[in-house]
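Heads up, the working numbering is the position in the sequence shown plus 427, with the first residue counted as 1. Some notes on the structure that comes next.
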Amino acid sequence: MTTAVSDRRRLTDLLAGDLAFQAPAREAHPLHALHPFAARFPHGLAGHFINGLTRPGDVVLDPMCGSGITLLEGWLAGRNVIGVDLDPLARRQSAARTSALDADAIKAAGHAALERAEDLNAGNSHPHDPLGFVRGGMDDATVKFLDYWFLPETQAELAALVLAIRAEPEPGLRNLLEVVFSSTIVTKSGGVSRARDLAHTRPHRVAEKQPRSALRQFEILVNRAVDAYRAVDTGTVGQSAVAAGDSRRLPWQDESVDLIVTSPPYANALDYMRAHKFSLAWLGDPIPRLSELRGRYIGSERQSSGESASDAVPPSAQGVIGEVARVDAARARVLERYFQDMGAAIGEMARVLRRNAAVIIVVGPSVMRDVLVPTHQCLADIASRVGLDVVGVAPRNLDRDRRMMPARRPAKAVAELAGIERRMHTEYVIGAVRP
Ligand SMILES: C[S@@+](CC[C@H](N)C(=O)[O-])C[C@H]1O[C@@H](n2cnc3c(N)ncnc32)[C@H](O)[C@@H]1O
């Protein structure tokens, strides 16, 4: 049985450690490479806190689990991992990365799906026009979207693959095949679509691009997935549950979690849906529904109303909201909503944590209308407001110039840091304990 003092000290020591974790990707478990995802934190960072603060069998949560870095690291280390995300592609990836699937079963299911798809694409099985069949179930906006971004021959192959994957009866294998399917599209090169880059930036259509065969890409990527699952020791992994949900209303009981490691969206959030809809539209999500969902993401510009409490915004955040408001009132409202939402999300984290258990939040500053938003400091202040004991806010710098900042810092000092922070790409690790 640990004491509050020793838990706090352990977290302090972990925050003072080397948080850079710039290890080459090849040192990561091959399941991390199953599918690209923008703005992931390094797997070593999650492992550092999971191994330092929990034991096998403990419950580790990521309430905005994204591609599932925290979940995969915890699961491989025998922790029972739980995750929530609003994004359907994030959930598919997180679930696939933490499923104890048999590599031979994946190989058999993947190759059977490929054979079915090839038959369908050749017009040898029912339905004889797979593309017409798939498009028949879509609304006009989705069809228009696909016509803009995919050549007709690619669409025919993707439709055949979608139908072939639908026929896989085992849900875990079917989900994995959908993730592999998606990874033929959502890639840095834009994969089999006509987009230039779908892993990092705003998609641009490239007129001269000759996309590769979706069927051949699927085959290559299924084989890669088989190798990745061979590297899992299914005897030592934990249990996993990934739920569709909102971090502002977590579906778990009070005091049921031993550690949270998460990286929330930044104040000027990445638009995940912009890239994810390229594969989700094929997997059965209509573009209009995805656009509506996108407005519910924390940090999105088009927020639907009525989800969050407004009393959690601390003076540090109010100050920066005021600064942005002087130049752009609409952006200031987006920022205010971001802090309200993060107040609700961090409040939920505090609720589900056991006493003396820790929450690790990885976040960085952002610039909005030339105003530096010290998101990390504002979120640390929010964490204090919802009753967490903020142990430290530790920077992770690419140049490994690490230093600890006191947990609470006056707004003036935050402003003084602005000049330094503009020049460096720094992320911060907020460590807090539930008293
Ligand atoms: C920075 S990413 C997380 C990356 C993650 N650490 C990983 O391992 O890939 C932030 C995530 O928050 C999710 N998100 C945004 N608003 C959310 C909400 N209200 N509830 C749950 N997840 C949300 C986004 O879909 C995105 O996957």
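Think of the CB as a built atom: it goes at the ideal place given N, C-alpha and C, for glycine as much as any other residue. Computed from a predicted structure; not experimentally measured.
Discussion item. Taking 7 Å as the limit between beta carbons, can you name the residues of its chain near arginine 543, skipping five residues before and five after?
Written reply: To locate residue 543, count along the sequence shown from 1; it is residue 116. Cβ within range, chain order: Ala591, Ala594.
Worksheet item: Would DSSP call aspartate 816 helix, strand or coil?
Response: As a first step, residue 816 must be located in the sequence shown, where it is residue number 389. Residue state, collapsed to three classes: strand.
Worksheet entry | Near ligand 1: valine 856 beta-carbon under 7 Å from a heavy atom | Position 429 of the sequence shown, counting from 1, holds the residue named residue 856. Not under cutoff, so the answer is no.
Discussion item. Among the candidates Leu528, Val664, Asp673, Ala522, whose CA atom is the shortest distance from the CA of glycine 505?
Written reply: Here the question's residue 505 lines up with position 78 in the sequence shown. Selected option, being the one with the closest Cα: Val664.
Worksheet item: Just the Cα atoms here: how many angstroms apart are alanine 807 and proline 822?
Response: Start at 1 with the first residue of the sequence shown, and residue 807 comes out as number 380. Start at 1 with the first residue of the sequence shown, and residue 822 comes out as number 395. One C-alpha to the other measures close to 13 Å.
Worksheet item: First and last residue of the beta strand (DSSP E) that includes glycine 858?
Response: Locating residue 858 in the sequence shown gives position 431, where the first residue counts as 1. In the DSSP assignment, glycine 858 falls within the unbroken beta strand (DSSP E) covering 853-860.
Worksheet item: When every heavy atom of ligand 2 is checked, does at least one fall within less than 7 Å of the C-beta of leucine 513?
Response: Absence of ligand 2 from the depicted structure is noted, with ligand 1 being the only ligands included.
Fill in: Coarse secondary structure for aspartate 434, derived from DSSP in three states
Here residue 434 refers to the residue found at position 7 when the sequence shown is read from its first residue. Residue state, collapsed to three classes: helix.
Practice prompt. Please classify aspartate 514: does DSSP put it in a helix, a strand, or coil?
Written response: Translated into the one-based positions of the sequence shown, residue 514 becomes position 87. Correct three-state label for aspartate 514: coil.
Worksheet item: Residues bridged to proline 822 by DSSP?
Response: The count along the sequence shown starts at 1 and reaches residue 822 at position 395. Per DSSP, Tyr855.
Item to complete: Look at the Cβ atom of serine 793, then the Cβ atom of asparagine 695, and state whether they are nearer than 8 Å.
Response: Numbered from 1 along the sequence shown, position 366 holds the residue referred to as residue 793. Numbered from 1 along the sequence shown, position 268 holds the residue referred to as residue 695. Yes.
Worksheet item: When the Cα atoms are used, what is the spatial distance from threonine 611 to tryptophan 502?
Response: Taking the sequence shown and counting its residues from 1, one reaches residue 611 at position 184. Taking the sequence shown and counting its residues from 1, one reaches residue 502 at position 75. The alpha-carbon atoms of threonine 611 and tryptophan 502 are separated by roughly 26 Å.
Discussion item. Let me confirm a value: lysine 571 is counted as buried when at least 16 other C-beta atoms fall within 10 Å, else exposed. Which label applies?
Written reply: Taking the sequence shown and counting its residues from 1, one reaches residue 571 at position 144. When all chains shown are included, lysine 571 counts as exposed.
Discussion item. I'd like the span of the alpha helix (DSSP H) that includes serine 718, first residue to last.
Written reply: Counting from 1 along the sequence shown, the entry for residue 718 is found at position 291. Run containing serine 718: 714-721, per the alpha helix (DSSP H) assignment.
Practice prompt. Put leucine 541 into one of helix, strand or coil per three-state DSSP.
Written response: On the sequence shown, position 114 is the one that residue 541 refers to. In the structure shown, leucine 541 sits in a helix (DSSP, three-state: H, G or I).
Worksheet item: By DSSP, does asparagine 551 sit in helix, in strand, or in coil?
Response: By one-based count along the sequence shown, residue 551 stands at place 124. Coil at asparagine 551, not helix or strand.
Item to complete: Please classify aspartate 485: does DSSP put it in a helix, a strand, or coil?
Response: Here the question's residue 485 lines up with position 58 in the sequence shown. Reduced to three states, the DSSP call for aspartate 485 is coil.
Worksheet item: Using the rule of at least 16 other Cβ atoms within 10 Å of the residue's Cβ for burial, across every protein chain shown, is lysine 615 buried or exposed?
Response: As a working mapping, residue 615 is identified with position 188 in the sequence shown. Per the 10 Å Cβ criterion, exposed.
Fill in: Residues bridged to threonine 689 (per DSSP)
Taking the first residue of the sequence shown as 1, we reach residue 689 at position 262. Threonine 689 is bridged to Ile788.
Item to complete: Verify whether the separation of the beta carbon atoms of serine 609 and phenylalanine 577 is less than 8 Å.
Response: By 1-based counting over the sequence shown, the position of residue 609 is 182. By 1-based counting over the sequence shown, the position of residue 577 is 150. Contact flag unset, no.
Fill in: For leucine 498 and threonine 525, believed in contact at Cβ under 8 Å, the rounded distance
The sequence position of residue 525 within the sequence shown is 98, counting from 1. The sequence position of residue 498 within the sequence shown is 71, counting from 1. About 5 Å separates the two Cβ atoms, so the contact holds.
Worksheet item: Counting pairs of Cβ atoms below 8 Å between the segment 776-784 and the segment 675-683, do you hit three or more?
Response: yes
Worksheet entry | Exposed unless 16 or more other CB atoms sit within 10 angstroms - verdict on aspartate 440 | One-based indexing of the sequence shown puts residue 440 at position 13. Result: exposed.
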